[in-house]
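Residue numbers (the working numbering), protein chains in the order written: chain A, 1 to 304; chain B, 1001 to 1244; chain C, 2001 to 2325.
Ideal Cβ positions, reconstructed from N, Cα and C, are used throughout, including at glycine.
One structure below.
So, in structure tokens, the structure goes:
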């Protein structure tokens, strides 16, 4: 059971990173974005490309760092992937979603996001193929934390957990100590008043896409590092990330962070009672439970 | 430097949330520099809507709004500060989840002298300094109003728009906030306010406009309005000078 | 010649089956403004329900009751309606974006059940073998296919006429009123909720009927038939044809299915062998572009909704009204 718990915490940290941007986007634009989780896939694959390029240009950078399978090249590649994913999110909004919300209604954006998800996922499939990939072919031994009960943990998993928490802390500092962070919180609390206070909404929307894309890219890389790359990453994380935002309350960043861990841990523990084939349905059960008991989630505002 | 152009002038304004259903028709209004002008009128007259239309929160169909002679019709609300105008909404006029200090830091975020300005505002409103680390949601009604006005003053505006500043306040606090508004005019800031608390408002006003059913009714110096019996009739719904 | 007719009959049969589904979705979305992100779930419920009731007996399987066709068909439709009722009670009072996620989640959950509950659904390998209606009576395959097409068209026409009458009735007007005005809907209170539920259940029953027809045709059902791509295909058909418009729904079905099959055919014929495994991906990208492109260019669809108040019947007099959220 503790192994399930550990795995759940790890998955939860990845879901949390993915949910941060989604909760902000869903709150600001009133838009269930079915293409959002594809940013994780974009990030993971962009990092793959950058990694191979850097490693070719600078073979020295292709060294694994300590006991991890992570290389310096991959670290830099991840930063590049965060920029790419953030930029892609902004571009898709400007080219597609923004034009639709100006012309038609918010709900059409949801359909359009279905379409964008299909396009992104399958373009990735065409470019990279269907088979699963790994960043590094090194075999990394799992560490045995204890023999009875048997607890195994890969060094990469510890790194991912720490890195995810560091990213969350950085964001927390931005939100609690910088005026940009106050502006983000202001827009979430009261968009009209935020404008009156001098915040330009259209610029904030761009910033939210950039931040969300960057965090999602990191989440995608972290998943690929501890599992594998596959064009289905976006599809697999879509419902868990939605569930995290709903559990936490749409619009609440801290709610999304907490929600991600809750969804991850619940799915991990569910493995003890459900056959693994049913696990994709877990996030749905969580969503249903939240909507029945407390629809606004942990920290969200009551429904209008 | 004496300048006769009004700090704010509105002409022929037609505005409303939906294009084919205007709330305001053919509004004309002007605010002289360093003066306090009040808009009063029965419920549903469109007073709040007028202020919001000036601030850019309600779409304008036709007409012009000029700030110190410069046309600002249909601006985006976030452009107000740069033009020298501020708006204090009636409700939800501070960010509850941010502290006092954070609220001020937000409005001052593009200001080069953020710390100096914050000090100035604390000097003007000492109770805010004492509670600066408290979340704005935990303040009393009067303190929140104070913070809202402080936020409006942070951008060094020439004109402050206020929507029912005394609403929900105990009589003493209401008087204080209206006196505060009066005090602004002595520091070179003009004020346009909407009020339901007619007697209190007229006490501190220079000029007064009466609105009913979306259009101008009468206007004049506050003292004259206070003693004009027509005012009572407009309020009771009997008399209308302009029918929309 | 017979080959061409046979192929066209095959195409028209599937297109007509999908058109029934689009009509069901149109009732939910076009008329009542309900966002059903889990179309595949109700389609699948109809398909599996019919198969379980009417399929051949199998000692390892629950089901295979070999019931007469009309009962199996009705059973599938009823199952879809029941699932919709349960889902609707729990989710319909939610805001649109929540409803989209919740219904999408239902489809994912049901697909997981279909894939894993081997004793009930045959698991990943699905259920096969089904005695199709009239099969015993007609021995010639070619003639049978035409008769079956006739049967499907009859169902399509019946559903179409039924929905057209519903739309023009006072009941239909109330549904549209709820769609247009969220506030009015809330003012109606409990009534609006019940009306939404009725529209949702009826629409899902029609989706189930489409699934029942599908399994009748292919005599096979598997979890693949409940995959999200089906939901996207049906949505694309409705978006292209015109939401809020039954004729648009049918038109969209034939157009999109035509595009899907011809793109599949062209890719199979002309694409190099190394790319063949990716034809699915290419088709998905194409349908993604169709959805996005249509929403950017003409969100109201090819045949916009016509409110019958408009005097005159020419298409030029049509008043465009995109569903509001």
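Residue burial is scored here from C-beta neighbours: residue 2057 of chain C has fewer than 16 other C-beta atoms within 10 angstroms and is therefore classed as exposed.
DSSP places residue 2113 of chain C within a helical segment (H, G or I) once states are collapsed to three. Between the stretch 2071-2079 of chain C and the stretch 2087-2103 of chain C, the count of Cβ pairs shorter than 8 Å is below three; the stretches do not touch. In its chain, beyond the 5 residues on either side, 282 have a beta carbon closer than 8 Å to the beta carbon of residue 274 of chain A. Secondary structure note for residue 1207 of chain B: its beta strand (DSSP E) is the uninterrupted segment 1207-1212. By the Cβ test, the stretch 223-230 of chain A is in contact with the stretch 40-53 of chain A, since at least three Cβ pairs between them sit closer than 8 Å. For a Cβ distance threshold of 9 Å, residue set 192, 195 and 196 of chain A lies close to residue 1057 of chain B, ordered along the chain. By the Cβ rule, the stretch 2209-2218 of chain C counts as touching the stretch 2042-2049 of chain C, because three or more pairs are nearer than 8 Å. Its Cα nearest to that of residue 2301 of chain C, the residue C:2243 stands out among C:2100, C:2243, C:2176 and C:2229. Judged by pairs of C-beta atoms under 8 Å, the stretch 2078-2087 of chain C touches the stretch 2200-2210 of chain C, as three or more such pairs exist.
Look at the beta carbons and you see the stretch 2010-2028 of chain C touching the stretch 2140-2160 of chain C: at least three pairs across the two are nearer than 8 Å.
Burial is judged here by how many other beta carbons sit within 10 angstroms of a residue's own beta carbon; residue 1165 of chain B has at least 16 and is buried. For residue 2146 of chain C and residue 2209 of chain C, the gap between their C-alpha atoms comes out near 20 Å. For residue 137 of chain A, the number of other beta carbons within 10 angstroms of its own is below 16, and it is reported as exposed. Check the Cα spacing between residue 2034 of chain C and each of A:115, A:63, A:111 and A:87: the tightest is with A:111.
Under DSSP, the beta-bridge partners assigned to residue 2128 of chain C are C:2220. Annotated three-state conformation of residue 131 of chain A is coil, per DSSP.
Proximity of chain A to residue 2035 of chain C at the Cβ level (cut-off 8 Å) is accounted for by 107 and 110, in chain order. In the DSSP assignment, residue 185 of chain A falls within the alpha helix (DSSP H) that extends over 179-189.
When the alpha-carbon of residue 2193 of chain C is set against those of C:2088, C:2119, C:2134 and C:2106, the nearest one is in C:2088. When DSSP states are grouped into helix, strand and coil, residue 2206 of chain C belongs to the helix group. Beta-carbon to beta-carbon, residue 70 of chain A and residue 156 of chain A are separated by about 6 Å, close enough to satisfy the 8 Å threshold. In this structure, the straight-line span from the alpha carbon of residue 292 of chain A to that of residue 286 of chain A is close to 10 Å. Interface with chain C (8 Å Cβ-Cβ cutoff): residue 281 of chain A is included. The Cβ atoms of residue 1035 of chain B and residue 1140 of chain B lie no closer than 8 Å to each other. Residue-level contact by beta carbon fails for residue 1124 of chain B and chain A, as no gap is shorter than 8 Å. A buried status is given to residue 27 of chain A, since no fewer than 16 other beta-carbon atoms sit within 10 Å of its beta-carbon. Under the Cβ distance rule, residue 223 of chain A does not count among the residues neighbouring chain B, no pair being separated by less than 8 Å.
Taking C-beta separations shorter than 7 Å and ignoring five residues to either side along the sequence, the partners of residue 180 of chain A in its chain run 174, following chain order.
Of the other Cβ atoms in all chains shown, 16 or more fall within 10 Å of the Cβ of residue 1195 of chain B; this residue is therefore buried. According to DSSP, residue 1088 of chain B shares a beta bridge with B:1162. About 7 Å separates the beta carbons of residue 2233 of chain C and residue 2287 of chain C, which is inside the 8 Å limit, making them a contact pair. Judged by DSSP in its simplified three-state form, residue 2302 of chain C adopts coil rather than helix or strand. Taking 8 Å as the cut-off, the beta carbon of residue 1212 of chain B is found closer than this to the beta carbon of residue 1045 of chain B. The Cβ atoms of residue 263 of chain A and residue 18 of chain A do not sit closer than 8 Å to each other. In the displayed model, residue 113 of chain A falls within a helix according to three-state DSSP.
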